[in-house]
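So the sequence shown is residues 1 to 228, counted in the UniProt record's numbering. The next block holds one structure in the form of structure tokens; read it before the comments.
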Amino acid sequence: MKLLVTAATILEVQPFLQFLDHESQKVSAHQYRLANCDIQILIAGIGMMHYAYHLGRYLATHQPDIALQAGIAGTFRREWPLGSLVIVDREYLADLGAEDQDQFKDLFDIHLWQPSQPPFTGNALVNTFSGLPYLPDLPKATSVSVNMVSGNIPTITRLESKYMPDVESMEGAAFHFACLSEKIPFLQLRCISNYVEIRDKSKWNIPLAVKQLNEELISTVKALAGLS
Ligand SMILES: O=C(O)c1cccc(C(=O)CC[C@H]2O[C@@H](n3cnc4c(=O)[nH]cnc43)[C@H](O)[C@@H]2O)c1
């Protein structure tokens with residue numbers, strides 16, 4: 001099985017790379033062999049532009065059987081502790097559109113995109129998880145992808161009322177769009193590093209989120225490789 005593991009930054013998957021260095025055969029700088037799995041690592045960069053370019057360039061010459069995106073995220077859900085894990089099943093592009101006085105209109109609202117034009121389901125990029133031989137037992141989450149991390153009350157309120165999101169990232173929609181377009185079974189795994197709130201970086205817990213994310217990533221990849 002050919003498995004693509006992709007992340008925005010190397011920081012987010014460093015413990016997973018250390019696991020591969022110890023437990024698998026290193027084939028080349030970004031390629032490993034673990035049991036029945038060829039694992040390719042793609043660090044695609046922060047934000048949708050970098051992610052779409054690097055992932056699109058990769059998929060032009062490779063056909064993975066499964067693609068996995070691992071990353072940290074902010075959450076709108078105050079009841080979720082930092083370090084919680086989710087699988088994103090629904091992605092919205094939440095800051096691509098037009099301002100109209102104090103209103104934000106996305107590309108569906110202004111009729112530049114049509115609902116359910118491929119690969120969208122309605123206005124969302126939805127993962128049905130079909131074709132995946134293994135699905136971790138984790139809560140499913142709705143996500144918004146943004147170019148600017150949300151950090152003021154009007155923006156947060158607008159996102160909550162328009163999309164009812166659980167989490168926010170800067171790359172998820174690019175990943176869903178590419179995998180749906182190429183018909184590659186995929187999984188977006190996110191761990192909560194912060195609440196979506198008025199910006200205060202001292203409240204983020206990136207080390208905890210990276211630790212939890214990588215423990216789950218290792219067990220998911222082991223399950224896909226037939227090791228558990
Ligand atoms: O220092 C900063 O201002 C800063 C702002 C955003 C992200 C970072 C990172 O170091 C993490 C990069 C990565 O994390 C995802 N992420 C995490 N929390 C959020 C969020 O609340 N809203 C959007 N994205 C978030 C994102 O996918 C980035 O790739 C530092």
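For glycine and all other residues, C-beta sits at the position ideal for the given N, C-alpha and C.
Cβ of residue i versus every heavy atom of ligand 1: is any distance shorter than 8 Å?
| i | result |
| --- | --- |
| T128 | no |
| S202 | no |
| E160 | no |
| N194 | yes |
| T9 | yes |
| I12 | A small fix is needed here, since residue 12 is Glu in this sequence, not Ile. Yes - ligand 1 has a heavy atom lying nearer than 8 Å to the Cβ of E12. |
| V146 | yes |
| A141 | no |
| G83 | no |
| I206 | yes |
| V149 | yes |
| E91 | no |
Of the choices the options, whose alpha-carbon is the least far from that of residue i?
| i | options | result |
| --- | --- | --- |
| V210 | V167, R57, H30 and G71 | G71 |
| S169 | Y32, I87 and L180 | I87 |
| A73 | R199, Q212 and I192 | I192 |
| I206 | L3, Q14 and K162 | Q14 |
| T157 | H22, A94, F16 and H62 | A94 |
| E197 | F76, L135, A178 and S84 | F76 |
| A29 | L17, C37, K162 and V167 | L17 |
| Y134 | I153, R33 and D65 | D65 |
| L125 | L224, L112, R90 and A141 | R90 |
| K201 | I39, A44, S150 and Y92 | S150 |
Under the rule that 16 or more other beta-carbon atoms within 10 Å means buried, what is residue i, buried or exposed?
| i | result |
| --- | --- |
| A60 | exposed |
| D102 | exposed |
| E99 | exposed |
| I10 | exposed |
| R78 | exposed |
| N36 | exposed |
Legend entry - Residue ranges of each alpha helix (DSSP H) within the region 13-94, 4 or longer: Whole alpha helix (DSSP H) segments, 4+ residues: 48-59.
Legend entry - 3-residue-minimum beta strand (DSSP E) runs that sit fully inside the region 158-219, ordered along the chain: 167-169 and 186-195, all fully within the region 158-219.
Legend entry - Runs of beta strand (DSSP E) lying entirely within the region 122-163, each at least 3 residues, in chain order: Entirely contained in the region 122-163, the beta strand (DSSP E) runs reaching 3 residues are, in chain order, 140-145.
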